[in-house]
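Trainee:
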Amino acid sequence: MVYFTPGPSQLYPTVKGHILKALEDDIPSLSHRSEKFHEFVKDSYISLRKLLSIPEDYSIFYTASATEAMERIIENCVAKKSFHFVNGSFAKRFYQIAKDLKKEPEAKFFDVGKAFNCSDVSIHRNTELIAITQTETSGGVSIPLKDIYALRKQHPQALITIDIVSSIPYVNLDYSKLDCIFFSVQKGFGLPAGLGILIVSPRAMDKALFLMQKGFNVGSYHKFHTLKEQGDKFQTIETPNVLGIFLFHKVLQDFLEVGIETIRKQTEEKATTLYDFFDNHRTLQPFVSEKKYRSKTVVIIGTPDGSKPILAKLKEHGYVVGSGYGEMKENQIRIANFPAHSTNDMKHLLQAIPQ
Ligand SMILES: *Cc1c(COP(=O)(O)O)cnc(C)c1O
Numbered sequence: 002m003v004y005f006t007p008g009p010s011q012l013y014p015t016v017k018g019h020i021l022k023a024l025e026d027d028i029p030s031l032s033h034r035s036e037k038f039h040e041f042v043k044d045s046y047i048s049l050r051k052l053l054s055i056p057e058d059y060s061i062f063y064t065a066s067a068t069e070a071m072e073r074i075i076e077n078c079v080a081k082k083s084f085h086f087v088n089g090s091f092a093k094r095f096y097q098i099a100k101d102l103k104k105e106p107e108a109k110f111f112d113v114g115k116a117f118n119c120s121d122v123s124i125h126r127n128t129e130l131i132a133i134t135q136t137e138t139s140g141g142v143s144i145p146l147k148d149i150y151a152l153r154k155q156h157p158q159a160l161i162t163i164d165i166v167s168s169i170p171y172v173n174l175d176y177s178k179l180d181c182i183f184f185s186v187q188k189g190f191g192l193p194a195g196l197g198i199l200i201v202s203p204r205a206m207d208k209a210l211f212l213m214q215k216g217f218n219v220g221s222y223h224k225f226h227t228l229k230e231q232g233d234k235f236q237t238i239e240t241p242n243v244l245g246i247f248l249f250h251k252v253l254q255d256f257l258e259v260g261i262e263t264i265r266k267q268t269e270e271k272a273t274t275l276y277d278f279f280d281n282h283r284t285l286q287p288f289v290s291e292k293k294y295r296s297k298t299v300v301i302i303g304t305p306d307g308s309k310p311i312l313a314k315l316k317e318h319g320y321v322v323g324s325g326y327g328e329m330k331e332n333q334i335r336i337a338n339f340p341a342h343s344t345n346d347m348k349h350l351l352q353a354i355p356q
């Protein structure tokens with residue numbers, strides 16, 4: 002089977018070999034206080050910085066998931082007021098976490114799958130953090146980066162956080178305009194789930210330290226302060242996902258070998274193939290109508306005759322695509338376009354779709 006599901010998804014082709022190697026080398030039994038562990042943590046930081054051009058003064062933290070990163074960001078960057086652009090389930094989760102943590106978040110709600118300009122929205126001046134889901138995996142909308150960067154100019158007092166779980170490693174960021182950036186590895190990196198990455202600007206670190214010193218509850222073992230102190234020593238307080246970090250560092254090396262430009266170019270080519278196919282299909286149409294806002298990595302297609310028959314047909318051919326998210330389960334299919342999905346697989350998938 003080839004999994005075109007938007008997370009977890011198809012494993013990157015090298016991962017099986019890396020898992021076998023990890024077992025051979027007893028990686029799962031390795032102490033997280035050992036020199037060998039520190040070496041590949043260090044290597045993962047270096048490779049990730051190189052692959053994604055992350056500035057040296059931005060910190061990299063390991064979390065258990067992207068959802069954990071949302072909670073850590075609210076705890077460490079917000080005394081009271083966050084602002085959330087909510088256009089789908091994942092953005093809504095972030096907003097709900099701020100509520101659960103007893104902050105006073107505000108939100109602007111948009112229809113799932115619809116285009117909007119985030120720099121047109123009025124945001125109160127006392128907002129400490131603006132949260133944007135750059136690619137909403139539930140609705141297939143990608144917010145153009147230049148609209149996100151415009152927020153920096155409009156709201157210089159606020160920290161800006163973006164969720165890039167389903168757009169990484171395709172998305173190419175200007176970190177100077179962003180403060181907290183997070184993702185998990187089971188989507189674009191083609192790895193087993195259970196590892197999140199949080200990238201934090203010096204400004205966000207300062208805010209976390211300020212809140213901690215003021216006596217706010219910024220969390221315990223995964224407060225930014227502790228994550229940084231430990232991370233600087235290539236350590237974690239808890240026993241982390243050692244196997245997950247090992248596999249991540251291996252896949253980072255593979256991606257570096259292919260080259261990020263190649264990965265991005267292939268993603269664009271496959272996205273063009275996908276959208277061209279469905280724009281010309283008799284009944285199956287892309288859910289996001291405004292082309293500028295269509296995600297290149299999560300393609301959502303309306304299925305007027307129900308998603309089930311198509312899912313079943315594709316399964317017969319060895320392909321698993323996602324159903325619609327939540328309420329849209331029966332009315333849509335979702336196709337992931339990650340580095341693990343080869344151009345050939347994509348072509349064959351489209352050939353298996355009923356005309
Ligand atoms: C999958 C996904 C998440 C959740 O990731 P976890 O690793 O399961 O916490 C968050 N945001 C977006 C946009 C996602 O696609």
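Remember, our numbering sits 1 above the position in the sequence shown when you count from 1.
Glycine included, each C-beta is placed from N, C-alpha and C at the ideal position.
1) If you follow the alpha helix (DSSP H) that ILE311 is in, where does it begin and where does it stop?
2) Reducing DSSP to helix, strand and coil, say where LEU285 ends up.
3) Please classify ILE98: does DSSP put it in a helix, a strand, or coil?
4) Let me check you understand the geometry: is the CB of ALA67 closer than 6 Å to at least one non-hydrogen atom of ligand 1?
5) Output the distance between the C-alpha atoms of LEU228 and SER168, rounded to the nearest integer angstrom.
6) Tell me, to the nearest whole angstrom, how far the beta carbon of LEU312 is from that of PRO29; I am working on the premise that it is less than 8 Å.
7) Out of GLY260, PRO193, VAL201 and ALA205, which has the shortest C-alpha to C-alpha gap to ASN242?
8) Going by C-alpha distance, which of LYS215, ILE20, PRO310 and ILE261 is nearest LYS330?
9) Closest by CA to PHE278, which one among ILE74, ILE163, ILE336 and HIS33?
10) Taking DSSP as the reference, what is the three-state secondary structure of GLY197?
11) Please give the ranges of any alpha helix (DSSP H) in the region 170-241, keeping only runs that are unbroken, at least 4 residues long and fully inside the region.
12) Apart from the five residues on each side of it in sequence, which residues of its chain come closer than 8 Å, Cβ to Cβ, to GLN286?
13) For VAL186, I'd like the list of residues in its chain whose CB is within less than 6 Å of its CB, leaving aside the five on either flank, ordered along the chain.
14) Enumerate in chain order the residues of its own chain whose CB-to-CB distance from LEU174 is below 6 Å, with the five nearest sequence positions on each side excluded.
15) Buried or exposed for GLY216, going by 16 or more other Cβ atoms inside 10 Å?
16) Do VAL122 and TYR320 come within 7 Å of each other at the CB atom, strictly closer than that value?
17) Of all the alpha helix (DSSP H) runs that stay within the bounds of the region 321-356, which reach a length of 4 or more residues?
18) For my contact list, LYS224 and ALA209 are in at a C-beta cut-off of 8 Å; report their separation, rounded to the angstrom.
19) Give the secondary structure of ASP164 by DSSP, where H, G and I count as helix, E and B as strand, and everything else as coil.
20) Does DSSP put VAL116 in a helix, a strand or coil?
21) Are at least three pairs of beta-carbons, each pair with one atom in the region 286-301 and one in the region 143-158, less than 8 Å apart?
22) Closest by CA to SER421, which one among GLY323, GLY232, GLU328 and ILE334?
Mentor: Put simply:
1) The count along the sequence shown starts at 1 and reaches residue 311 at position 310. Where ILE311 is concerned, the enclosing alpha helix (DSSP H) stretches over 309-317.
2) As a first step, residue 285 is located in the sequence shown; it is residue number 284 there, counting from the start. LEU285: coil per DSSP, three-state reduction.
3) Along the sequence shown, one-based indexing puts residue 98 at 97. Three-state DSSP puts ILE98 in a helix.
4) Locating residue 67 in the sequence shown gives position 66, counting from the first residue. Under cutoff, so the answer is yes.
5) Taking the sequence shown and counting its residues from 1, one reaches residue 228 at position 227. Taking the sequence shown and counting its residues from 1, one reaches residue 168 at position 167. Going by the C-alpha atoms only, they are around 25 Å apart.
6) Here the question's residue 312 lines up with position 311 in the sequence shown. Here the question's residue 29 lines up with position 28 in the sequence shown. About 34 Å separates the two Cβ atoms, so there is no contact after all.
7) Here the question's residue 242 lines up with position 241 in the sequence shown. The option with the nearest alpha carbon to ASN242 is PRO193.
8) Here residue 330 is taken as the residue at index 329 of the sequence shown, counted from 1. It is PRO310 whose Cα lies nearest to the Cα of LYS330.
9) Residue 278 sits at position 277 when you count from the first residue of the sequence shown. Among ILE74, ILE163, ILE336 and HIS33, the Cα nearest to that of PHE278 belongs to ILE336.
10) Taking the first residue of the sequence shown as 1, we reach residue 197 at position 196. Strand.
11) 203-214 and 225-232
12) Here residue 286 refers to the residue found at position 285 of the sequence shown. The residues are PHE279, ASP280, ILE302 and GLY303.
13) If you number the sequence shown from 1, residue 186 lands on position 185. The residues are LEU192, LEU196 and PHE249.
14) For this step, residue 174 is matched to residue 173 along the sequence shown. Nothing listed; no residue qualifies.
15) Here residue 216 refers to the residue found at position 215 when the sequence shown is read from its first residue. Looking at its Cβ environment, which holds fewer than 16 other Cβ atoms inside 10 Å, GLY216 is exposed.
16) Counted from its first residue, the sequence shown places residue 320 at position 319. Counted from its first residue, the sequence shown places residue 122 at position 121. The answer is no: Cβ separation not under 7 Å.
17) 344-352
18) Indexing the sequence shown from 1 puts residue 224 at position 223. Indexing the sequence shown from 1 puts residue 209 at position 208. Right, the Cβ-Cβ distance comes to about 7 Å (below 8 Å), so this counts as a contact.
19) Sequence index remark: in the sequence shown, residue 164 carries index 163 (1-based). In this structure, ASP164 counts as strand in the three-state DSSP scheme.
20) What you label residue 116 is simply residue 115 of the sequence shown in a count that begins at 1. Just to set this straight, residue 116 is Ala in the shown sequence, not Val. If DSSP states are grouped into helix, strand and coil, ALA116 belongs with coil.
21) yes
22) Nothing can be reported for residue 421: it is not among the residues displayed for the chain, which extend from 2 to 356.
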